[in-house]
Amino acid sequence: MKIKRYAAFGTAAMMMLACFTGCKGESTVGEDNAILDSLTGGATLADVQIRNFEMPVEGEKIAVINIENYGEIKIKLFSDAAAKGVENFTGLAEMGYYDELIFHRIIPGFMMQGGDPKGNGTGGKSIWGEKFEGGVPEGLYHFSGAVAYANSGSTSTNGSQFYIVNTDEGYASPSCQELMEYDISTYNWPQNVIDMYAEKGGTPSLDGGYTVFGQVFEGMDIVREIANVETDENDKPLTQIKMESVKIVEYTAE
722 MKIKRYAAFG TAAMMMLACF TGCKGESTVG EDNAILDSLT GGATLADVQI RNFEMPVEGE
782 KIAVINIENY GEIKIKLFSD AAAKGVENFT GLAEMGYYDE LIFHRIIPGF MMQGGDPKGN
842 GTGGKSIWGE KFEGGVPEGL YHFSGAVAYA NSGSTSTNGS QFYIVNTDEG YASPSCQELM
902 EYDISTYNWP QNVIDMYAEK GGTPSLDGGY TVFGQVFEGM DIVREIANVE TDENDKPLTQ
962 IKMESVKIVE YTAE
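Under the working numbering, the first residue of the sequence shown is numbered 722, with each subsequent residue one higher.
Quick look at the structure:
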């Protein structure tokens with residue numbers, strides 16, 4: 722299973738995107754409004770709820786990934802928005818399924834992917850022993866730090882493999898503006914989501930195609946450090962990035 726770096730984009734579109742400068746580190750609210758006005762005739766989508774950056778409350782179940790030689794990554798799980806996705810991840814973690822598995826695919830400025838017992842992106846299964854439909858949960862987007870399932874073309878093919886979005890803060894590639902200029906009928910976001918991508922960074926091109934079920938709230942420095950490892954032609958680290966354990970624990974707010 723592979724995450725499509727430029728979902729729904731052909732060669733010509735990718736070349737077109739390479740010509741854009743993006744919005745890294747700059748406020749683009751005025752530019753965003755101008756783009757939306759020009760593409761939608763002045764009618765913009767109403768703001769929506771964004772769930773990604775809600776902090777867990779004391780006693781809530783969170784996931785803790787302990788990565789060998791690096792440390793802990795803590796993840797808020799959105800069980801109310803992504804019930805089946807969280808149930809699957811929690812179940813696999815509690816049975817020790819992820820322990821000693823590696824992140825087999827790491828692409829700087831994009832994401833890191835793991836959870837495959839084969840270690841090559843072709844394996845894995847859900848707690849139900851087959852693929853499952855996780856849907857596209859409302860309020861959860863592919864901001865940097867988002868945790869979602871890899872799939873084989875639709876959210877009905879989720880298994881055990883998951884990825885963590887990793888872009889620089891304030892950098893989305895391709896950006897919402899670039900995607901909307903390419904195809905407004907496919908790519909369109911409310912202004913508050915566009916603004917959040919400009920602030921937090923992420924991969925908006927993946928929205929709508931994958932089941933986001935969690936968000937890193939502690940340990941993004943580790944995720945970004947891991948992005949610097951040397952990889953081969955298949956984006957596999959030359960030195961294993963191993964999950965010593967994945968635990969589901971109660972958040973203590975400490």
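Just so it is clear, CB atoms sit at the ideal spot from N, CA and C, and this is done for glycine as well.
Asked, Found
"Do the CB positions of Ile796 and Val937 come within less than 8 Å of each other?", "yes"
"In angstroms, rounded to a whole number, what distance separates the CA positions of Tyr908 and Leu900?", "6 Å"
"Under DSSP, the beta strand (DSSP E) around Gly835 begins and ends at which residues?", "Met832 to Gly835"
"Quick one: grab the DSSP three-state call for Arg826.", "strand"
"Hey, quick one: how far does the alpha helix (DSSP H) through Gln936 stretch, first residue to last?", "Segment Val933 to Glu939 is the beta strand (DSSP E) holding Gln936; no alpha helix (DSSP H) there."
"Go ahead and pull the three-state DSSP assignment for Val1048.", "Because the chain is modelled from 722 through 975, residue 1048 falls outside the range shown and cannot be assessed."
"By the three-class DSSP mapping on this structure, what secondary structure does Ala733 have?", "Confidence at Ala733 is low in this model, with a pLDDT of 33, below 50, so its placement is unreliable and no value can be given for it."
"Is it the case that the Cβ atoms of Gly923 and Val868 are separated by a distance below 8 Å?", "no"
"Where does Lys797 sit, in a helix, a strand or coil, going by DSSP?", "strand"
"Can you tell me where the alpha helix (DSSP H) with Tyr918 in it begins and where it stops?", "Gln912 to Lys921"
"Taking only three categories from DSSP, how would you classify Ala767?", "coil"
"Using only the alpha-carbon positions, how far apart do Ile827 and Gly860 sit?", "26 Å"
"Near Asn949, what residues of its chain come up, given a Cβ to Cβ distance below 8 Å and the 5 sequence neighbours on each side ignored?", "Pro829"
"Which same chain residues end up closer than 6 Å to Pro958 when comparing Cβ atoms and leaving out the 5 residues on each side of it in sequence?", "Ile827, Val950 and Thr952"
"Pull up the distance between the alpha-carbon of Tyr701 and that of Arg945, whole angstroms please.", "Coverage of the chain is limited to positions 722 through 975, which leaves residue 701 absent and any answer about it impossible."
"Let's test the definition: count the other Cβ atoms within 10 Å of the Cβ of Asp928 and tell me whether it reaches 16, buried, or not, exposed.", "buried"
"Measure how close the beta-carbons of Thr876 and Tyr791 come, nearest whole angstrom, since I'm counting them as under 8 Å.", "Incorrect: roughly 30 Å between the Cβ atoms, too far for contact."
"For Gly845 versus Ser881, is the C-beta distance shorter than 8 Å?", "yes"
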